[in-house]
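Working notes, structure below.
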Amino acid sequence: MAVGGIDLADWYFAAEGAADGPHNEEYIRNLFLTGRLDGDTLVWSEGMPQWAPLRLQLPFQNLRASPPPLPPQQPVEGNSPEPAPAALVVEDLRPHSVLKSRGSRAPAMDEPTVSEDERPDGWGEPIFVPAAERRELNKNSPWSRYFARALDLTITSYLAGLGVGYALAYWAPSLYLQLVSQQAQVQNVILLPVALILNGIVTGIFGTTIGKSVMALRFAYLNGHLGLIGQIVRELKVWVQGLAFGIPIVSIFSLVFQYRRATKGLPASYDEGIVLVKQDDIPGWRRASGMLFCALVFVGGIAYSVWPKPVAYSPPNPTSVISMEWTNPVTGKRMMLPAGWTASAQDNGQGATVHVFNNADGTKQAIFGAEDEVADVTDLATYGRALKAGVAGTMTFGDFAQTLTPGVLRADGTFDSEGWRASMLINKVGTTFWRIVSIDTAASGGDVSDPALASALWSTTR
1 MAVGGIDLAD WYFAAEGAAD GPHNEEYIRN LFLTGRLDGD TLVWSEGMPQ
51 WAPLRLQLPF QNLRASPPPL PPQQPVEGNS PEPAPAALVV EDLRPHSVLK
101 SRGSRAPAMD EPTVSEDERP DGWGEPIFVP AAERRELNKN SPWSRYFARA
151 LDLTITSYLA GLGVGYALAY WAPSLYLQLV SQQAQVQNVI LLPVALILNG
201 IVTGIFGTTI GKSVMALRFA YLNGHLGLIG QIVRELKVWV QGLAFGIPIV
251 SIFSLVFQYR RATKGLPASY DEGIVLVKQD DIPGWRRASG MLFCALVFVG
301 GIAYSVWPKP VAYSPPNPTS VISMEWTNPV TGKRMMLPAG WTASAQDNGQ
351 GATVHVFNNA DGTKQAIFGA EDEVADVTDL ATYGRALKAG VAGTMTFGDF
401 AQTLTPGVLR ADGTFDSEGW RASMLINKVG TTFWRIVSID TAASGGDVSD
451 PALASALWST TR
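Take the sequence shown: its position 455, counted from the start at 1, is 455 in UniProt numbering, and no numbers get skipped.
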């Protein structure tokens, strides 16, 4: 795009005896706002006859910088010092050639006519020289930002996992069980936005994060302080534009895109026009040690998550403290399950729905079902014999006997394929036959039914 014959993408500026460019207008603005350029920095673009101060160029006249230092106080007595020589005005400046393409080099400046006595030290050396290797102006290394982000996400991801895990365990146990059953990579994708929101909260409150402090990174706001909500919104933009929702492989492309912007001195796309992330001048050893520390914490977090544990890991038990309410769909009556039990409805493979109850450590299971007006079966004993015949080949039970609960019969046996212990309780209420089949993978014999669970289930049948 050309404005007044000047290509906005072809700006050069003077830096330590070299012409640095070409750069676009946004890049020049960012360098000015971060203090790397000032209004007197000489710049050049195609169409300009010679180098000129930045402040005189139309695209940058609205930029404001801090005022210059005050002039020295004039002496009150004595002879007045000789006036300082006026700034050298170079009038005979001719560019070697006019740029014809974006890859052209900025013009050098010829030596003006100055007497021998007026020539300062170093006179005759070119003011601008072609730089085979330009000095890296982007002090805000993308790698510094990467290591800082890695450290912050390691910390906030751990906190997010703890917070979400315990919250779901207490308020949504079924969702918690679904979460912990997922692979670690899926859990990371799910928890990533929570970790980023935590990072935004920390930044909004303290103005920085642990990772940024370690790598000496700080914010330079372009339109005022972001505040808590602004920092959270920025982190959500990082989630979308910087990390691509944390999706493996896809996120690599978004990270490479942001890396290339940073190496060109441009802000990340999610920071454009809002904030610049600067790195303070620190010794090389400090920067290297900061990166090493961030890397060790990051790798340590990964190693801890995959390192084999000497004892099987037991996640927070969602039902060991609280009880779940369950409704009998046949009678509509409600009851509270004993602590440590969860319920789910399943098809038994024969078109009937059974209700399965599991304890917290996964060693016990109870299957609760009902049958109404079974053909040719009127008494409980006959129903028991028919039931044993129906499960033969899968489970083997002995004879039924009366229990301490009136009207309830029990038979003990085994789950044939695994050799687990099993117990069956049956009862009849009105014309409906009820049964509870309990399986215990750890017991070695005897009654494996859970008295508290059985009592709660029987209470919903009347």
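Using N, Cα and C, we set each Cβ at its ideal position, and we do this for glycine too.
In the structure shown, alanine 52 falls within a strand segment according to DSSP collapsed to helix, strand and coil. Spatial neighbours of tyrosine 270 in its own chain (CB-CB distance under 7 Å, excluding positions within 5 residues in sequence) are listed in chain order as Arg234, Lys237, Val238, Gln241 and Gly242. Note that the stretch 198-211 does not touch the stretch 273-286; fewer than 3 beta-carbon pairs, one per stretch, sit closer than 8 Å. Taking the CA atoms as reference points, glutamine 187 sits about 16 Å from alanine 244.
Nearest Cα to alanine 52 within the set Asn62, Gly35, Trp11 and Leu31: Trp11. The Cβ atoms of threonine 441 and threonine 414 do not sit closer than 8 Å to each other.
Only exposed fits glutamine 178, as fewer than 16 other CB atoms lie within 10 angstroms of its CB. For threonine 331, the number of other beta carbons within 10 angstroms of its own is below 16, and it is reported as exposed. In the displayed model, glutamine 183 falls within coil according to three-state DSSP, outside both helix and strand.
Looking from the CA of phenylalanine 206, the closest CA among Tyr221, Gly227, Val194 and Ala220 belongs to Gly227.
Cβ-Cβ distances below 6 Å link threonine 461 to Val429 and Trp434 in the same chain, with the five nearest sequence neighbours on each side left out; the list follows chain order. Here the C-alpha atom of glycine 284 lies approximately 14 Å from the C-alpha atom of phenylalanine 293.
With contact defined as three or more Cβ pairs closer than 8 Å, the stretch 55-65 and the stretch 33-41 are in contact. Going by beta carbons, alanine 411 and glycine 445 fall outside the 8 Å limit. Taking a 10 Å sphere around the C-beta of lysine 364, we find 16 or more other C-beta atoms and assign the residue as buried. Taking a C-beta distance under 8 Å as the contact criterion, glycine 211 and leucine 191 do not qualify as a contact pair. Each of Met324, Met215 and Val214 was checked against the Cα of tyrosine 170, and the nearest Cα belongs to Met324. Taking all protein chains shown into account, methionine 215 has 16 or more neighbouring C-beta atoms within 10 Å of its C-beta and is therefore buried. Serine 144 and arginine 286 do not touch by the CB rule: their CB atoms are close to 11 Å apart, not below 8 Å. DSSP, read as helix, strand or coil, puts glycine 21 in strand. Between glycine 204 and isoleucine 232, the gap from beta carbon to beta carbon is short of 8 Å. Just measuring C-alpha positions, the residue of Gln279, Leu222, Ser438 and Tyr27 sitting nearest arginine 421 is Ser438.
The DSSP-derived three-state label of asparagine 223 is coil. C-alpha of arginine 218 to C-alpha of glycine 224: approximately 14 Å in a straight line.
In the three-state reduction of the DSSP assignment, alanine 422 falls in the strand class.
For alanine 148, the secondary structure class from DSSP, reduced to helix, strand or coil, is helix. Where threonine 414 is concerned, the enclosing beta strand (DSSP E) starts and stops at 409-415. Here alanine 452 has Pro338 as same chain residues with Cβ atoms under 6 Å from its own Cβ, once five neighbours each way along the sequence are excluded.
With contacts defined as CB atoms closer than 8 Å, isoleucine 426 and phenylalanine 368 fail to qualify as a contacting pair. If you draw a 10 Å sphere on the C-beta of valine 299, you find fewer than 16 other C-beta atoms in it, and that means exposed. In this structure, the beta-carbon distance from alanine 220 to lysine 278 falls below 8 Å. Its Cα nearest to that of methionine 291, the residue Asp152 stands out among Thr327, Asp152, Glu46 and Ala375.
A distance below 8 Å between beta-carbons, with the five flanking residues on each side excluded, links glutamine 185 to the following residues of its chain, in chain order: Pro248. Beyond the five residues adjoining it in sequence on each side, threonine 209 comes within less than 7 Å, by CB distance, of Asp152, Asn199, Val202 and Thr203 in the same chain, given in chain order. Check the Cα spacing between glycine 301 and each of Thr154, Ala360, Tyr27 and Ser423: the tightest is with Thr154.
The C-beta separation of serine 417 from valine 448 comes to about 17 Å, leaving the pair out of contact by the 8 Å criterion.
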